[in-house]
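In the numbering used here, the protein residues as written are 11 to 407. Note that the Cβ used here is the ideal one computed from N, Cα and C, for glycine as well.
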């Protein structure tokens, strides 16, 4: 499975991946997932947002008798020039865990689901976890349809080009009603397990995090003939915002990053008439993040710019009893919080009992072609996930 995925959407220049929602690469990944599920005899369905759910057992019949499904999985899309492990490791491990359970003769008392969430990274349309946000109602269908990519294509237009009806997307309580618990396995996006010298950890929580758009307006003019005192350069406000974000993060003990920028007209010899940047801010304390963003907002407005919140996910603790059950089943393995967002967090905020497993990342690097996990650690992750599914799906209560 891992070898099959490796070439899809890979850049020959960077070695990283460009797997964005509702593109040709996304289509190929969805077809791969469907084929893997069909080969295992799993029943594949899609919800109103296009998230793919493959079931071992009948989730509707089970839900009617109070035995909701145990679901695992992750996503297959990537950030621009992202790594191979963020997302796909969770999907491949989920399918491998099903294989392991079957080879051991396990018969689930509750249905087991494997999910592939669409547009988790938000790399194309700017809002992370769009697939899980829409079906849980955390983002409205109207807003999702209106989101635009860097080329000005709306999500509604992208869905049409992918052969889908954009007016069919929306909250999907029927899909969520089948899920009794969700366990997402993910590569660690930090070095916590390196320091703890352990291959796998249970997640405790996801830090609060959000994204904001920063807009600065200037006046286009010639870079060589316009006197400095006559210039209205939109880039100056943006540059000040980058520095302010760093200073605010230091002051309030969180992290803040402006990692994406769009410049108009975008010529080397042209003074920018408009600059738009995107701020990502997160931290262990929601109050600290909000204070940092407040400082950045004051600077942006002082520079004549405008700041708009595009998403906000509150502090998300995972289900305490479920996480404790995982820890007990796996022999008291380490417990780690994370600053990275996941679909697991969206489902947890929607009231679904949710937990996470993290697999050691020896470098701590993520969202980069250098992202990595040793094969032996990945197999430890599969073994841990298999044990967890056996425990949860083997219990008829």
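1) Compute the beta-carbon to beta-carbon distance between residue 11 and residue 111, rounded to the nearest angstrom, for a pair I have assumed lies under 8 Å.
2) Measuring straight from C-alpha to C-alpha, what distance separates residue 316 and residue 256?
3) Short of 6 Å in beta carbon distance, which residues of its chain neighbour residue 195, apart from the five on each side in sequence? Order them along the chain.
4) Is DSSP giving residue 301 helix, strand or coil here?
5) Which runs of the beta strand (DSSP E) fall wholly inside the stretch 263 to 296 and span at least 3 residues, in chain order?
6) Contact between the stretch 329 to 338 and the stretch 150 to 164: three or more CB pairs below 8 Å?
7) Taking the beta strand (DSSP E) that residue 188 falls in, what are its first and last residues?
8) I'd like to know if the stretch 173 to 185 and the stretch 71 to 86 are in contact, where contact means that at least 3 CB-CB pairs between them fall below 8 Å.
9) At the level of alpha carbons, what is the spacing between residue 131 and residue 89?
10) Got a sec, what are the start and stop residues for the beta strand (DSSP E) residue 214 sits in?
11) On the criterion of 16 or more Cβ atoms from any shown chain inside 10 Å, does residue 143 qualify as buried, or is it exposed?
12) Counting Cβ pairs closer than 8 Å, one from the stretch 305 to 319 and one from the stretch 344 to 353, do we hit at least three?
13) What separation, rounded to the nearest whole angstrom, lies between the Cα atoms of residue 314 and residue 30?
14) Which parts of the stretch 300 to 348 are runs of the beta strand (DSSP E), unbroken and 3 residues or longer, counting only runs that do not cross its ends?
15) Does the Cβ-Cβ distance between residue 19 and residue 35 come in under 7 Å?
16) Output needed for residue 322: all residues of its chain with C-beta closer than 6 Å, excluding positions within five of it in sequence on either side, in chain order.
17) Exposed or buried, which one is residue 237 when buried takes at least 16 other CB atoms within 10 Å?
In brief:
1) The count along the chain shown starts at 1 and reaches residue 11 at position 1. The count along the chain shown starts at 1 and reaches residue 111 at position 101. Their Cβ separation, rounded to whole angstroms, is 16 Å, which puts residue 11 and residue 111 out of contact at 8 Å.
2) Counting from 1 along the chain shown, the entry for residue 316 is found at position 306. Counting from 1 along the chain shown, the entry for residue 256 is found at position 246. Answer to the nearest angstrom: the Cα atoms are 18 Å apart.
3) Here the question's residue 195 lines up with position 185 in the chain shown. Closer than 6 Å at the Cβ level, and outside the excluded window around residue 195, lie 100, 103, 367, 391, 395.
4) The residue you call residue 301 lines up with position 291 of the chain shown. It is helical.
5) Along the length of the stretch 263 to 296, whole beta strand (DSSP E) runs at least 3 residues long occupy 265 to 274, 284 to 292, reported in chain order.
6) No, the stretch 329 to 338 does not touch the stretch 150 to 164.
7) Here residue 188 refers to the residue found at position 178 of the chain shown. Neither: residue 188 is in no beta strand (DSSP E) and is coded neither H nor E.
8) As far as the Cβ criterion goes, the stretch 173 to 185 does not touch the stretch 71 to 86, which means the pair count is below three.
9) Along the chain shown, read from residue 1 onward, the residue named residue 131 stands at position 121. Along the chain shown, read from residue 1 onward, the residue named residue 89 stands at position 79. One Cα belongs to residue 131, the other to residue 89, and the distance between them is close to 6 Å.
10) Here residue 214 corresponds to residue number 204 of the chain shown, with the count starting at 1. Residue 214: member of the beta strand (DSSP E) spanning 210 to 216, first to last residue.
11) By 1-based counting over the chain shown, the position of residue 143 is 133. Counting every other CB atom within 10 Å of its CB across the protein chains shown gives residue 143 a total of 16 or more, marking it as buried.
12) No contact exists between the stretch 305 to 319 and the stretch 344 to 353.
13) Here residue 314 is taken as the residue at index 304 of the chain shown, counted from 1. Here residue 30 is taken as the residue at index 20 of the chain shown, counted from 1. Going by C-alpha positions, residue 314 is about 33 Å away from residue 30.
14) Counting only runs of 3 or more, we get 316 to 323, 345 to 348.
15) Here residue 19 refers to the residue found at position 9 when the chain shown is read from its first residue. Here residue 35 refers to the residue found at position 25 when the chain shown is read from its first residue. Contact flag set, yes.
16) Locating residue 322 in the chain shown gives position 312, counting from the first residue. Closer than 6 Å at the Cβ level, and outside the excluded window around residue 322, lie 220.
17) The residue labelled residue 237 in the question sits at position 227 within the chain shown. Residue environment analysis places residue 237 among the exposed positions, since fewer than 16 neighbouring C-beta atoms fall within 10 angstroms of its C-beta.
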